[in-house]
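Only one structure is covered here, and it is reproduced in the block below.
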Amino acid sequence: MTFGPDGKLYVAFRQGSIYTIDAAGNKELFFEGLTVPTGLAFQPDTERLYVSSRVRDWNVDGEGQILVIENGQAVQIIGGLPCCYLGMHAPNGIAFGPDGYGYVGVGGRADHGEILDGTNAQDEPNPFEASILRFSPDGTEVEVYAHGLRNPYDIAWGGDGVLYATDNGRDESEPGDFVPEELNRVVPGGEHGYPYFECAKCYGIPEGIEIVPNFAEFEPHAVPTGITAYLS
Numbered sequence: 148m149t150f151g152p153d154g155k156l157y158v159a160f161r162q163g164s165i166y167t168i169d170a171a172g173n174k175e176l177f178f179e180g181l182t183v184p185t186g187l188a189f190q191p192d193t194e195r196l197y198v199s200s201r202v203r204d205w206n207v208d209g210e211g212q213i214l215v216i217e218n219g220q221a222v223q224i225i226g227g228l229p230c231c232y233l234g235m236h237a238p239n240g241i242a243f244g245p246d247g248y249g250y251v252g253v254g255g256r257a258d259h260g261e262i263l264d265g266t267n268a269q270d271e272p273n274p275f276e277a278s279i280l281r282f283s284p285d286g287t288e289v290e291v292y293a294h295g296l297r298n299p300y301d302i303a304w305g306g307d308g309v310l311y312a313t314d315n316g317r318d319e320s321e322p323g324d325f326v327p328e329e330l331n332r333v334v335p336g337g338e339h340g341y342p343y344f345e346c347a348k349c350y351g352i353p354e355g356i357e358i359v360p361n362f363a364e365f366e367p368h369a370v371p372t373g374i375t376a377y378l379s
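One gets this note's numbering by counting positions in the sequence shown from 1 and adding 147 to each.
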């Protein structure tokens with residue numbers, strides 16, 4: 148969810164709709180017909196609403212996208228994003244940075260770094276999965292801002308000019324082998340650990356790569372799904 152330039156709160160529902168809620172609590176349909184809309188962010192000083200959602204909600208071989216909704220019309224500006232481990236991991240929270248570019252968290256296509264087979268098959272990790280992507284407002288430029296975040300469900304810029312991201316740890320754990328959920332202080336170009344840590348079949352840390360430590364940790368399976376920064 149996000150606040151719009153009209154002062155209303157915009158809320159996305161997994162069923163495919165976006166509603167607005169005004170200060171009096173009145174709810175109104177804003178847009179519908181989407182597939183699992185997740186991240187919402189207005190480009191600063193505009194009425195352009197950026198939405199992360201799915202094109203194909205298929206396990207591993209799905210497709211995520213970024214849409215722009217303006218004047219009642221939705222236009223895809225970025226497609227082909229990795230999606231959708233067990234219907235869960237996909238393009239997630241969106242935030243605009245102080246540089247005017249958009250940022251979006253994208254989850255990994257596996258639970259804990261495994262190369263899957265059978266109906267879950269993937270040959271190798273997608274370069275855009277388990278990362279924070281940076282994109283130009285028109286979608287013509289897309290690059291990896293930071294990597295190694297298994298499922299960064301939400302992101303927010305702090306007053307210190309740093310991007311913060313929640314990250315959900317693996318689902319499948321043996322007793323005594325639970326891993327904490329994370330809050331990350333995202334480092335540009337940084338590797339934040341996945342899939343080199345906390346994985347079933349770790350790939351091994353490539354030579355010369357230093358893993359960025361977690362900024363804070365939560366209880367295993369706490370599933371942090373929202374973050375906002377207090378700016379004053």
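Yeah, the Cβ is synthetic: ideal placement off N, Cα and C, and Gly gets one too.
To the nearest angstrom, how far is the alpha carbon of Asn267 from that of Glu217?
Start at 1 with the first residue of the sequence shown, and residue 267 comes out as number 120. Start at 1 with the first residue of the sequence shown, and residue 217 comes out as number 70. Interpretation of Asn267 is limited by its pLDDT of 48, a score under 50 that renders its predicted location unreliable; the figure taken from the coordinates is listed afterwards. Straight-line Cα distance between these residues: approximately 36 Å.
In chain order, what are the residue ranges of uninterrupted beta strand (DSSP E) at least 3 long that sit wholly in the segment 281-338?
289-294, 302-304, 310-314 and 328-332
Coarse secondary structure for Asn267, derived from DSSP in three states
In the sequence shown, the residue the question calls residue 267 occupies position 120. Residue placement at Asn267 is flagged as unreliable, the pLDDT there being 48, under the threshold of 50; a coordinate-derived value is accordingly withheld.
Proximity below 9 Å, CB of Tyr341 to CB of Gly295
Locating residue 341 in the sequence shown gives position 194, where the first residue counts as 1. Locating residue 295 in the sequence shown gives position 148, where the first residue counts as 1. Going by C-beta atoms, Tyr341 is nearer than 9 Å to Gly295.
Per-residue DSSP class, three states only, for Ala363
Position 216 of the sequence shown holds residue 363. Correct three-state label for Ala363: strand.
Could you tell me if Ala159 is buried or exposed, where buried requires 16 or more neighbouring beta carbons within 10 angstroms of its beta carbon?
Taking the sequence shown and counting its residues from 1, one reaches residue 159 at position 12. Per the 10 Å Cβ criterion, buried.
Using a Cβ-Cβ cutoff of less than 6 Å, which residues in the same chain neighbour Val359 once the five nearest sequence positions on both sides are dropped?
For the purposes of this step, residue 359 is identified with residue 212 of the sequence shown, where counting begins at 1. Around Val359: Val334, Gly337 and His339.
Helix, strand or coil: which one does DSSP assign to Arg161?
Working through the sequence shown from its first residue, we reach residue 161 at position 14. Three-state DSSP puts Arg161 in coil, outside helix and strand.
Taking Ala363 as the reference, give the member of Ile356, Glu357 and Pro371 with the closest Cα.
As a first step, residue 363 is located in the sequence shown; it is residue number 216 there, counting from the start. Measuring from the Cα of Ala363, the nearest candidate turns out to be Pro371.
By how many angstroms is the C-alpha of Glu276 removed from the C-alpha of Val202?
Indexing the sequence shown from 1 puts residue 202 at position 55. Indexing the sequence shown from 1 puts residue 276 at position 129. The alpha-carbon atoms of Val202 and Glu276 are separated by roughly 16 Å.
Beta-carbon contacts of Ala369 that lie in its chain and below 7 Å, excluding the five residues immediately before and after:
In the sequence shown, residue 369 corresponds to position 222, counting from 1. Result list for Ala369: Glu328, in chain order.
List the endpoints of the continuous beta strand (DSSP E) containing Ser200.
Locating residue 200 in the sequence shown gives position 53, counting from the first residue. Leu196 to Arg203 is the extent of the beta strand (DSSP E) around Ser200.
Are the beta-carbon atoms of Thr375 and Ala303 separated by less than 9 Å?
Indexing the sequence shown from 1 puts residue 375 at position 228. Indexing the sequence shown from 1 puts residue 303 at position 156. Cβ distance < 9 Å, so Thr375 and Ala303 count as in contact.
DSSP on Gln223, reduced to helix/strand/coil?
Reading the sequence shown from its first residue, position 76 is the one you call residue 223. Reduced to three states, the DSSP call for Gln223 is strand.
Can you grab the Cα-Cα spacing for the pair Ile241 / Leu187, in whole Å?
As a first step, residue 241 is located in the sequence shown; it is residue number 94 there, counting from the start. As a first step, residue 187 is located in the sequence shown; it is residue number 40 there, counting from the start. When rounded, the distance between both Cα atoms is 6 Å.
Between the CA atoms of Val198 and Phe282 - distance to the nearest angstrom:
By 1-based counting over the sequence shown, the position of residue 282 is 135. By 1-based counting over the sequence shown, the position of residue 198 is 51. Going from the Cα of Phe282 to the Cα of Val198 covers about 13 Å.
Quick one: is Ser380 buried, meaning 16 or more other Cβ sit within 10 Å of its Cβ, or exposed?
The displayed coordinates of the chain run from 148 to 379. Any statement about residue 380 would go beyond what the structure contains.
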